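Shown next, in C-alpha cells, is the structure this report addresses.
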Amino acid sequence: MATNIGILLLLIVASSLAQAAQHVVPWMIPTTQGSSFYSNLLAKTTFNLNDILVFNYTTGTHNVVTLSKDDFKDCSVKNKMETFEVGPTMIKLNRTGEYYFACAFPAHCSLGQKLSVNVMASSSSPEAAPAVAPSSPASRLSVAATFSVLLMLIAINILF
Ligand SMILES: *[C@@H]1O[C@H](CO)[C@@H](O)[C@H](O)[C@H]1NC(C)=O
Ligand SMILES: *[C@@H]1O[C@H](CO)[C@@H](O)[C@H](O)[C@H]1NC(C)=O
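Residues -20 to -1, 1 to 140, numbered by mature numbering (1 follows the signal peptide of the UniProt record, and there is no 0), are exactly what the sequence shown covers, in order.
Now the structure itself:
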C-alpha cells in the first residue's frame, strides 16, 4: 500500500515538472510605463526551456521580430533575424538564454512594444538542454525536493 502511494506521489511530482508552460502576453503599444511595461508585466514569470510564448494580437496590426541584444536596445528593427506576422504568434522557447522580441511596425518598438525573456534550463527536459546549460537555482531546488520526497518514501516503505 505504502509503495502504491509512493509511486502515485512520484508520478504527480514528475508530471508537474514535465509540464511546459504557455505564457500569453497582450502584444500592443503599452499605454502606460513605456518600455518598462513588458518587463514589469513579466517580472515574476519564470521562462523554462520548451515553454511557449504567445504574442496575442490581430494579424496586420503588429508583428513579432527577433533581434540581437544591441539592436533590441536601439530598436533597430530593420536588422531583424526572424519575422512572424500572423497573430497570435506562438514561439517555442527551444534554447536557453536571452530572447529579444519587438514589433517592427514604425515607432512601435520605441514606444515600448519590445520584450526580452531569459529562458532557464528546465529540470524536466535535461536531454533537450545544451550540455553546458547553467542550471537555475529553482531547478536545483526542485531536484532537491524530488530527491527528499524519494528518501522519505523509501523510509516509509522500510517502516511498513
Ligand atoms: C487575446 O486578445 C483578445 C483581445 O484583447 C482577447 O479577447 C483574448 O482573450 C486574448 N487571448 C488570450 C489567449 O489571452
Ligand atoms: C529552435 O526552433 C527554431 C525554429 O523552429 C529552429 O530554427 C532552431 O534551430 C531551434 N533551435 C534549437 C536549439 O533547437
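All C-beta atoms in this analysis are idealised placements derived from N, C-alpha and C, irrespective of residue type, glycine included.
All figures in this text were calculated on a predicted structure; none of them were measured in a lab.
Distance cut-off 8 Å: residue i Cβ against heavy atoms of ligand 1
| i | result |
| --- | --- |
| N36 | yes |
| P6 | yes |
| P10 | no |
| P86 | no |
Residue i versus residue j: straight-line alpha-carbon distance, rounded
| i | j | result |
| --- | --- | --- |
| T76 | S96 | 13 Å |
| A23 | M100 | 14 Å |
| S119 | D50 | Because the pLDDT at S119 is just 49, under 50, the model does not fix this residue reliably, and the point stays unresolved. |
| I134 | S102 | Below a pLDDT of 50, predicted positions are generally treated as unreliable, and I134, at 49, falls in that range; the measurement from the model is reported next regardless. Roughly 26 Å between the two C-alpha positions. |
| G67 | T39 | 5 Å |
| I71 | V45 | 11 Å |
| Q13 | P6 | 15 Å |
| N98 | E78 | 4 Å |
First and last residue of the uninterrupted alpha helix (DSSP H) at residue i
| i | result |
| --- | --- |
| Y18 | 17 to 21 |
| F52 | 49 to 54 |
Span of the beta strand (DSSP E), counted from its first residue to its last, around residue i
| i | result |
| --- | --- |
| V5 | 2 to 6 |
| N30 | Note, N30: premise wrong, no beta strand (DSSP E); not H, not E. |
| T46 | 44 to 46 |
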